[in-house]
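To keep things clear, I will list the structure first and then write my remarks on it.
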Amino acid sequence: MEIVRCTNGVGVWEVVSDNGSSQVFDLRSDAENFLKIMTKTYKARAQVFLVQDMGTNESYLWSLPQILEEINKDRSSEWTDYDESDYVEGWCEWVEGEYFSCEEIKKKYHEHDCWDNAQPYEFEEHGRRYHGWECGICGKLLQTG
Ligand SMILES: [Zn+2]
38 MEIVRCTNGV
48 GVWEVVSDNG
58 SSQVFDLRSD
68 AENFLKIMTK
78 TYKARAQVFL
88 VQDMGTNESY
98 LWSLPQILEE
108 INKDRSSEWT
118 DYDESDYVEG
128 WCEWVEGEYF
138 SCEEIKKKYH
148 EHDCWDNAQP
158 YEFEEHGRRY
168 HGWECGICGK
178 LLQTG
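Here the sequence shown is numbered in my numbering, starting from 38 and rising by one per residue.
Laid out in structure tokens, this is it:
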């Protein structure tokens, strides 16, 4: 992926991906931000995980979409799908050790620094507003507001 000067007059900067599609921006900083996010997403998607089947002991190489498919498989209608941002928690809570095992994801889950992955949260209940910080990987509550 790269940033190029726009040639068709719609915007000023254009982010062109490897598959030929493109996104147009007026500001170069916006184009750079977009490129950063897309690169991160592509990297996550290109990752492969060595997964062991607990039943047969066979090993497979799975991509992130396959990991997500297993986590979100056969769930109730109230289930909220896990995605690229929280698959570590989803895998360790719902799949790991029961059907499949993945050392790499387990390691991420147990050896991360919660504060490095802190994410703000906010919700309302019984007319009160709650906010603070929680870990984006294991969901641990770090600080309440
Ligand atoms: Zn954590």
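We put the CB at the ideal spot given by N, CA and C, even for glycine.
In the structure shown, what three-state DSSP assignment does residue i receive?
{"i": "glycine 127", "result": "helix"}
{"i": "aspartate 90", "result": "strand"}
{"i": "cysteine 43", "result": "coil"}
{"i": "serine 113", "result": "coil"}
Is residue i near ligand 1, judged by its Cβ being under 8 Å from some heavy atom?
{"i": "cysteine 172", "result": "yes"}
{"i": "histidine 163", "result": "no"}
{"i": "cysteine 151", "result": "yes"}
Taking the alpha-carbon positions, what's the residue i to residue j distance?
{"i": "glutamine 60", "j": "valine 85", "result": "28 Å"}
{"i": "lysine 143", "j": "glutamate 130", "result": "10 Å"}
{"i": "serine 66", "j": "glutamate 51", "result": "12 Å"}
{"i": "threonine 181", "j": "arginine 166", "result": "11 Å"}
{"i": "glycine 176", "j": "glutamate 126", "result": "7 Å"}
{"i": "glutamate 135", "j": "leucine 72", "result": "38 Å"}
{"i": "glutamate 95", "j": "asparagine 70", "result": "41 Å"}
{"i": "tyrosine 146", "j": "asparagine 45", "result": "47 Å"}
{"i": "arginine 42", "j": "aspartate 55", "result": "16 Å"}
Contact defined as beta carbons within less than 8 Å: I believe residue i pairs with residue j. What is the distance between those atoms, to the nearest angstrom?
{"i": "valine 49", "j": "methionine 38", "result": "No, valine 49 and methionine 38 are not in contact; Cβ-Cβ is about 17 Å, not under 8 Å."}
{"i": "methionine 141", "j": "leucine 87", "result": "For clarity, residue 141 is glutamate in the given sequence; the question names methionine instead. Confirmed, Cβ separation roughly 7 Å."}
Between the region 168-176 and the region 145-155, can you find at least three pairs of beta-carbon atoms closer than 8 Å? yes
May I ask you to verify whether the region 61-80 touches the region 91-110, counting CB pairs closer than 8 Å and requiring at least 3? no
Can we say the region 108-119 touches the region 154-163, given the rule of at least three CB pairs closer than 8 Å? no
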